[in-house]
Every structure is written in structure tokens, then in C-alpha cells.
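>
Numbering (the working numbering), first residue to last: 49 to 229.
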């Protein structure tokens, strides 16, 4: 699919579960199946980077659906989001975790370990090689690509409160699937 499902950000977030996020840098491929995401409702959501309007840091969030918004968390880890709403809304989904489906050895080298490769937003970006250089790029062309299945995942979707934030954390917009082994 070369576009995102349409609808409220929390519904689009659920549809991203099971999607494939693939990177190719210098001919090196890595790919994960997304297993955990977190929705942010744009300018109306006090926990969203879009709350308060456009600024230099969050400008990509206000772009078209399918734009990659990458930012540094606490000045240390890169975190990646998929812009989901109409231009100007700032709606986005944080990509929190995934399971490797291709290039696991490359992910291990990038992470400097063999376990816990993609079980957090910073770890996911490090394993896939995503940095601020990809901020504002399209997820349907370029080195970072998203493939969303036309059929929603068959696994049970678990919902819970958002984590790592101070406002609106009780909103049940963190979604997870447990991949079958």
C-alpha cells in the first residue's frame, strides 16, 4: 500500500501494527514488523509535540500523511513518528517497537548487542539506522519505507496508557500486538 489508512489518529495507529518498516542505507537493508505504536492527536493533544503549533522542531508533523517525523528524545535517542492526519493537523503515531524481519545482524551491530534490538522507540531507530537526516522525508519513497497491509493484523490489539510523557498519559492510545512465534 502506497498510502496510509485514513481516519482518526488512534484508528490509524492500530492499522500500523503489523506494518513493515524498512530502511536501506548504502545498500544495507533492515526491516521490522511494527508491534507497538502510540497515537498523538495533534494541536488538541497536550502530550503531542504539535500542541502549541508549528515550530522548527515539529514542522514535519504538520506535513502530509506518510511524512516521517524524527526527533531527539532527551538529547540522546532518535524517535520516529508517522504523520497520519491532513496537512496542518500535526497528528502522528510514534513507532515504539518492532520485531526484526530482515537484516538482524546489521541491527545487532548498530545496537552493539544481540537482544532487545527494537523494544523501545530509541532502540528501534538505532537498529534501523534512522536519524534526524530522515526527518521530513516521505515513507513511500527514499531510504525509509513503510508498507501497511491492506488487511488489518489478525492478532489481538492491546490498548493502554501512553508512556514516557507527563500529560494525558492515561489516554489509552498506546497499542500493542504480540507477534506469533
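Positions of the beta carbon are idealized from the N, C-alpha and C atoms, including for glycine.
How is the alpha helix (DSSP H) around residue 60 delimited, first residue to last?
In the chain shown, the residue the question calls residue 60 occupies position 12. Its alpha helix (DSSP H) spans residues 57 to 64.
> Given a threshold of 16 other Cβ atoms within 10 Å of its Cβ, counted over all protein chains shown, does residue 59 qualify as buried or as exposed?
Position 11 of the chain shown, counting from 1, holds the residue named residue 59. Counting Cβ neighbours within 10 Å, residue 59 comes out exposed, since fewer than 16 surround it.
> Would you decide whether residue 122 is buried or exposed? Buried here means 16 or more other CB atoms lie within 10 Å of its CB.
To locate residue 122, count along the chain shown from 1; it is residue 74. Burial call: exposed.
> When the Cα atoms are used, what is the spatial distance from residue 127 to residue 101?
The sequence position of residue 127 within the chain shown is 79, counting from 1. The sequence position of residue 101 within the chain shown is 53, counting from 1. Near 20 Å, if we compare the C-alpha coordinates of residue 101 and residue 127.
> For residue 195, list the residues DSSP reports as bridge partners.
Residue numbering aside, residue 195 sits at position 147 when the chain shown is read from its first letter. In the DSSP output, where bridge partners are listed per residue, residue 195 has 68.
> Per DSSP, residue 109 forms a beta bridge with which residues?
Here residue 109 is taken as the residue at index 61 of the chain shown, counted from 1. Paired residue(s): none; residue 109 is not in a bridge.
> With which residues is residue 127 paired in a DSSP beta bridge?
Translated into positions along the chain shown, residue 127 becomes position 79. According to DSSP, which records beta bridges pairwise, residue 127 is partnered with 119.
> Put residue 208 into one of helix, strand or coil per three-state DSSP.
In the chain shown, the residue the question calls residue 208 occupies position 160. The answer is strand: DSSP assigns residue 208 an E or B state.
> What first and last residue would you give for the alpha helix (DSSP H) that runs through residue 170?
Counting from one through the chain shown, the residue named residue 170 turns up at place 122. Here the alpha helix (DSSP H) through residue 170 covers 169 to 176.
> Taking the alpha-carbon of residue 96 as reference, which of 171, 181, 182, 138 has the nearest alpha-carbon?
Residue numbering aside, residue 96 sits at position 48 when the chain shown is read from its first letter. Nearest option by C-alpha distance: 138.
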